[in-house]
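*Asks:* Right, I'll just put the structure down here and ask away after.
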C-alpha cells in the first residue's frame, strides 16, 4: 500500500467533525498563502455579483472539502451514510425514476459533491440499480488508488470518458436508470460551446443537454449541503424544468445557457459553499 494511501486510510478513522474543523483552518491558510488564488477567487465572486459577505464562508469550505476526502473516499463500505445524510426533495428524483425515462443528477462544485454520488447510490441503488457515471483516471499516479477506492462502492458503476462511455449512459437512461454529471467543469476542446455564466462567456459542456434531449431523462438539480461540523449533510434535489433540455432541435448554445442558469440558481442559494477558486472561464484543453 502506498504511503499516501496509508495516510488517507489513517485519516479516514479520525472523527469527521474534527477533520472538518481542521479543514476550515486549512482553507484560510491557503487563502493567505496564495495571492493569485485570492485574486481569482475575488474576481469570480465580483463577476457573479454575489455580496462578499455571502461568499466569504467559501474560503473555509474549500479546506473543509479537502479534509473530508479521506473519510469520504476511504471509509469502510460497511459504514453507511444513512445517519449522516438528510434529504430534501428526494421525492422529485424518485418520481423521475418511477416514470421510467431516467434521471440525470446535475451537481456542480457546490457543497460536498464527492459524497453526493455515494449517498444517491446508497439510497436509490437497491431499488433502481446502480448510478452509472463517466470516470476518467486521475492524472496524478499517486492519486489514482484513492479515487478508485472512492468509486468502488455498492451501486456505483463507471463508464470510460469516451464515445463508448457516452453510449453506455444513453442506454442506461433509456432503460430508466440514472447518472450524475458535474455541469460546471470545463470540458475538453470540441466537447462544449461558449455560453453565458454569471455574465461571462465560458466554455460549457454539451454532454448533459444532449443526454437529456436524446433520452427524455429528467434533469435534477442536486447539491449536498455541508451542515455544521458534526451535523452531517443535506442532499437537496429539485427538477430543472428547462424546455431547452427537452427539445432535440434546440441549438447547443441555448441548451448550454439553460444548464448554466441552473448552476447559477444553486450557487446563488448557497454562495458560501461554492468552489469560487475554480477557473470556470479558462480555455478548454486539447484532448490527447
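Numbering (our numbering), first residue to last: -15 to 272.
No residue lacks a Cβ here, since even glycine has one placed at the ideal position from N, Cα and C.
(1) What is the C-beta distance between residue 54 and residue -4, in whole angstroms, given that I count them as a contact (C-beta under 8 angstroms)?
(2) Assign residue 62 to buried or exposed, taking buried as 16 or more other Cβ atoms, counted over all protein chains shown, within 10 Å of its Cβ.
(3) Between which two residues does the alpha helix (DSSP H) containing residue 91 stretch?
(4) From residue 266 to residue 28, what distance separates their C-alpha atoms?
(5) Considering only residues of the same chain and omitting the five flanking positions on each side of residue 70, which have a CB-CB separation below 6 angstroms?
(6) In whole angstroms, what is the alpha-carbon distance linking residue 235 and residue 190?
(7) Starting from the C-beta of residue 141, find all residues in its chain whose C-beta is less than 8 angstroms away, skip the five residues before and the five after it, and write them out in chain order.
(8) Expressed to the nearest angstrom, what Euclidean distance is found between the alpha-carbon atoms of residue 213 and residue 0?
(9) Identify every run of the alpha helix (DSSP H) within the segment 158 to 207, keeping only runs that are complete inside it and at least 4 residues long; order them along the chain.
(10) Where does residue 258 sit, in a helix, a strand or coil, going by DSSP?
(11) If distances are taken between C-alpha atoms only, which option among 269, 111, 39 comes closest to residue 172?
(12) Following the continuous beta strand (DSSP E) through residue 116, name the residue where it begins and the one where it ends.
(13) Keeping to the same chain, check which residues put their C-beta closer than 7 angstroms to that of residue 168; ignore five residues upstream and five downstream.
(14) My assumption, with CB atoms under 8 angstroms, is that residue 206 sits in contact with residue 89. Please give the rounded CB distance.
(15) Roughly how many whole angstroms lie between the Cα atoms of residue 149 and residue 155?
*Replies:* Let's see:
(1) Residue mapping note: residue 54 aligns to position 70 of the chain shown, counting from 1. Residue mapping note: residue -4 aligns to position 12 of the chain shown, counting from 1. 4 angstroms between Cβ atoms; contact.
(2) Residue 62 sits at position 78 when you count from the first residue of the chain shown. With fewer than 16 Cβ atoms within 10 Å of its Cβ, residue 62 is classed as exposed.
(3) In the chain shown, residue 91 corresponds to position 107, counting from 1. Run containing residue 91: none; DSSP gives neither H nor E here.
(4) Residue numbering aside, residue 266 sits at position 282 when the chain shown is read from its first letter. Residue numbering aside, residue 28 sits at position 44 when the chain shown is read from its first letter. Taking the straight line joining both Cα atoms gives about 12 angstroms.
(5) Stepping through the chain shown from its first residue, residue 70 is reached at position 86. Counting only Cβ-Cβ distances below 6 angstroms, and skipping sequence neighbours, we find 218.
(6) On the chain shown, residue 235 is found 251 positions in, with the first residue counted as 1. On the chain shown, residue 190 is found 206 positions in, with the first residue counted as 1. One C-alpha to the other measures close to 10 angstroms.
(7) The residue given as residue 141 occupies position 157 in the chain shown. Counting only Cβ-Cβ distances below 8 angstroms, and skipping sequence neighbours, we find 114, 115, 116, 117.
(8) Working through the chain shown from its first residue, we reach residue 213 at position 229. Working through the chain shown from its first residue, we reach residue 0 at position 16. Cα to Cα, residue 213 sits roughly 8 angstroms from residue 0.
(9) The qualifying runs are 191 to 199.
(10) Taking the chain shown and counting its residues from 1, the one referred to as residue 258 is at position 274. DSSP places residue 258 in strand when its eight states are reduced to three.
(11) As a position in the chain shown, residue 172 is number 188, starting the count at 1. Of the candidates 269, 111, 39, the one whose C-alpha sits nearest the C-alpha of residue 172 is 269.
(12) If you number the chain shown from 1, residue 116 lands on position 132. 115 to 119 is the extent of the beta strand (DSSP E) around residue 116.
(13) Taking the chain shown and counting its residues from 1, the one referred to as residue 168 is at position 184. Closer than 7 angstroms at Cβ, skipping near neighbours: 92, 93, 247, 264.
(14) On the chain shown, residue 206 is found 222 positions in, with the first residue counted as 1. On the chain shown, residue 89 is found 105 positions in, with the first residue counted as 1. Sure, about 5 angstroms apart at Cβ, within 8 angstroms.
(15) Working through the chain shown from its first residue, we reach residue 149 at position 165. Working through the chain shown from its first residue, we reach residue 155 at position 171. Going by the C-alpha atoms only, they are around 10 angstroms apart.
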